[in-house]
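Every number in the numbering used here is 1 more than the matching position in the sequence shown, counting from 1.
Here a beta-carbon is modelled for each residue, glycine too, at the ideal position from N, C-alpha and C.
Since this is a predicted model, take the numbers as computed values, not measurements.
Below is one structure, written out as structure tokens; comments come after it.
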Amino acid sequence: MKICIIGAGPAGLMAAGRALEHGAQVTVYERNDIAGYKLLISGKGRCNLTNAADLPEFITAYSPHGEFLYGAFHQFFRPELLELLKRHGVETVTERGGRIFPVSQKSTDVRDALTSYASQAKMRYGQRVENILHNNGQVTGIQINSKELSADRVIITTGGKSYPGTGSTGDGYAFAEQSGHRVLDLYPALTPLTCSEKWIKNVQGLGLKNVALTIRAANQVISTKFGEMLFTHFGISGPIVLDASRDITTYLRSHGSAPDNWPEPLQANIDLKPALSDTQLQARLQRDFDQEGKKYFVSILKNLLPASLIPVFVELTGIPRDKLGNQINRQERQRLFELLRKLPCTITGLIGFKDAIITSGGVSLQEINPKTMESRLVKGLYFAGEVLDLDAPTGGYNLQAAFSTGWVAGEHASLSV
Ligand SMILES: Cc1cc2nc3c(=O)[nH]c(=O)nc-3n(C[C@H](O)[C@H](O)[C@H](O)COP(=O)(O)OP(=O)(O)OC[C@H]3O[C@@H](n4cnc5c(N)ncnc54)[C@H](O)[C@@H]3O)c2cc1C
Numbered sequence: 002m003k004i005c006i007i008g009a010g011p012a013g014l015m016a017a018g019r020a021l022e023h024g025a026q027v028t029v030y031e032r033n034d035i036a037g038y039k040l041l042i043s044g045k046g047r048c049n050l051t052n053a054a055d056l057p058e059f060i061t062a063y064s065p066h067g068e069f070l071y072g073a074f075h076q077f078f079r080p081e082l083l084e085l086l087k088r089h090g091v092e093t094v095t096e097r098g099g100r101i102f103p104v105s106q107k108s109t110d111v112r113d114a115l116t117s118y119a120s121q122a123k124m125r126y127g128q129r130v131e132n133i134l135h136n137n138g139q140v141t142g143i144q145i146n147s148k149e150l151s152a153d154r155v156i157i158t159t160g161g162k163s164y165p166g167t168g169s170t171g172d173g174y175a176f177a178e179q180s181g182h183r184v185l186d187l188y189p190a191l192t193p194l195t196c197s198e199k200w201i202k203n204v205q206g207l208g209l210k211n212v213a214l215t216i217r218a219a220n221q222v223i224s225t226k227f228g229e230m231l232f233t234h235f236g237i238s239g240p241i242v243l244d245a246s247r248d249i250t251t252y253l254r255s256h257g258s259a260p261d262n263w264p265e266p267l268q269a270n271i272d273l274k275p276a277l278s279d280t281q282l283q284a285r286l287q288r289d290f291d292q293e294g295k296k297y298f299v300s301i302l303k304n305l306l307p308a309s310l311i312p313v314f315v316e317l318t319g320i321p322r323d324k325l326g327n328q329i330n331r332q333e334r335q336r337l338f339e340l341l342r343k344l345p346c347t348i349t350g351l352i353g354f355k356d357a358i359i360t361s362g363g364v365s366l367q368e369i370n371p372k373t374m375e376s377r378l379v380k381g382l383y384f385a386g387e388v389l390d391l392d393a394p395t396g397g398y399n400l401q402a403a404f405s406t407g408w409v410a411g412e413h414a415s416l417s418v
């Protein structure tokens, strides 16, 4: 009895390891020459492998599809993951925001632990599976190099279609459709955003800490995030922008708008002083202008802003750079206040799959048994990891979903052999 696994990412390696523990004969097909290419670049090479959040928070993170994961998490969740990694030599540490990393800060250690867990599998590197074979609602094998190979069970762990250079180009979606599954529209998620303002290019490379980003669509707030962000040559990026982009993706999905064909640009505002209330910020400006009354406006701005934003503020407030602090009137002070509170950026698009951390959309969860990851349409066919219609913000949630669903697929594919 044979199990074929397509893709040696975190989901595939976990499925392989678990199936081997049940004594199954496992072959893993991986188109790259190494396992876990995307895992290696995860968390900027440090691999944020899970999160310390409790189960309800986890479920909310995958909203609106989190409930699907109860079945998997009840069988294999964070404690089981950390215990498994420890058995394979990886100790972990919890950092800010509950993000859990290997103590070594090396994603290679996590990848090596997984390949060690799956070490008894036959690894077929450099092999791209072309098709899934099935007959009368039962999986029968795979097609590779135009040859048909038989298998009793097939587990599809081909990932999404973001960062295609890592090997995840979306093959699993085609396999799913060929076997009768519905694949929900695919959107790049956790991605930088493009903006139309010309000044943004002039401040590229500028990072902002402790700012609040609010995004509105049709005058409704669809995202509010607090933390760090970055201006780039095309728009905005950085941790809070990536997480905000997922809210945009969710909004677009719920409105049936294609990822590259927006109904209208979205309005973002950056609050540069979120720690100050309106009254405190007004008082701060008044004090600065009073105390520095004999200084030019442009010099007073140095107390309030990073250097590269000063020309932007001079232009957007329309206050002459050489106006003295004690000459600045109430309307001008109000314009500065508004800009510090709500620096506007017009968001014109998501940067696309090439630079998206994750794919939103995928194999419809309605056709997958959440307790086993088996297809409800084709017996013996399993799906796990990012190929499923599951995605979450940054923080380790996406990898935990891949680990858990992979383990569960391996467990049930082998138990039913
Ligand atoms: C830059 C970056 C950083 C990230 N950082 C984090 C992080 O810190 N924390 C976190 O939780 N998530 C992170 N993610 C997301 C996370 O890496 C993915 O969600 C996760 O790797 C998905 O695992 P998977 O096993 O489903 O798919 P993948 O890791 O994509 O693996 C799929 C594998 O299948 C192979 N494959 C595809 N098609 C075929 C085929 N036809 N035949 C054979 N092989 C095939 C691919 O080559 C690939 O190796 C990051 C993603 C990126 C791009």
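Residue i vs residue j beta-carbon contact at 8 Å
| i | j | result |
| --- | --- | --- |
| residue 393 | residue 402 | yes |
| residue 397 | residue 51 | yes |
| residue 30 | residue 128 | yes |
| residue 276 | residue 215 | no |
| residue 208 | residue 239 | yes |
| residue 342 | residue 267 | no |
| residue 11 | residue 115 | yes |
| residue 318 | residue 306 | no |
| residue 204 | residue 309 | yes |
| residue 404 | residue 157 | no |
Presumed contact (8 Å Cβ cut-off) between residue i and residue j, rounded CB distance
| i | j | result |
| --- | --- | --- |
| residue 119 | residue 17 | 4 Å |
| residue 28 | residue 196 | Between residue 196 and residue 28 the Cβ distance is about 47 Å, and since that is not below 8 Å, they are no contact. |
| residue 194 | residue 260 | Residue 194 to residue 260, Cβ: 12 Å. No contact. |
| residue 86 | residue 111 | 7 Å |
| residue 21 | residue 122 | 6 Å |
| residue 135 | residue 382 | 7 Å |
| residue 15 | residue 407 | 3 Å |
| residue 389 | residue 359 | About 12 Å; that fails the 8 Å criterion. |
| residue 34 | residue 164 | No, residue 34 and residue 164 are not in contact; Cβ-Cβ is about 17 Å, not under 8 Å. |
| residue 131 | residue 144 | 5 Å |
| residue 386 | residue 192 | Their Cβ separation, rounded to whole angstroms, is 19 Å, which puts residue 386 and residue 192 out of contact at 8 Å. |
Exposure of residue i, with buried meaning 16 or more beta-carbon neighbours within 10 Å
| i | result |
| --- | --- |
| residue 190 | buried |
| residue 274 | buried |
| residue 74 | buried |
| residue 65 | exposed |
| residue 39 | buried |
| residue 182 | buried |
| residue 291 | exposed |
| residue 5 | buried |
| residue 278 | exposed |
Closer than 8 Å to chain E by CB, residue i
| i | result |
| --- | --- |
| residue 70 | Here there is only one protein chain, and chain E is not present. |
In DSSP terms, what residue i is bridged to
| i | result |
| --- | --- |
| residue 34 | None; residue 34 has no bridge partner. |
| residue 148 | 145 |
| residue 228 | 212 |
| residue 49 | Residue 49 pairs with nothing; no bridge assigned. |
| residue 167 | Per DSSP, none; premise fails for residue 167. |
| residue 135 | 140 |
| residue 42 | Looking at the DSSP assignment, residue 42 forms no beta bridge with any residue, so it has no partner. |
| residue 6 | 29 and 156 |
Check: residue i C-beta below 7 Å from any heavy atom of ligand 2
| i | result |
| --- | --- |
| residue 11 | This structure lacks ligand 2; its bound ligands are ligand 1. |
(message) Quick check on the DSSP output: what are the complete alpha helix (DSSP H) runs of length 4 or more inside the region 331 to 404, in order along the chain?
(response) 331 to 342
(message) Suppose only complete runs of 3+ residues qualify. What are the beta strand (DSSP E) ranges in the region 88 to 127, listed by chain order?
(response) 93 to 95, 100 to 103 and 123 to 126
(request) Pick out the complete beta strand (DSSP E) segments inside the region 237 to 286, 3 residues or longer, and give them in chain order. (result) Positions of the beta strand (DSSP E) runs, each at least 3 residues long and wholly inside the region 237 to 286, are given as 267 to 272 in order along the chain.
(message) Restricting to runs no shorter than 4 residues, where is the alpha helix (DSSP H) found entirely within the region 300 to 332?
(response) 311 to 318
(request) Go through the region 176 to 220 residue by residue and report every complete run of the beta strand (DSSP E) that reaches 3 residues or more, in order. (result) 184 to 190, 194 to 196 and 208 to 218
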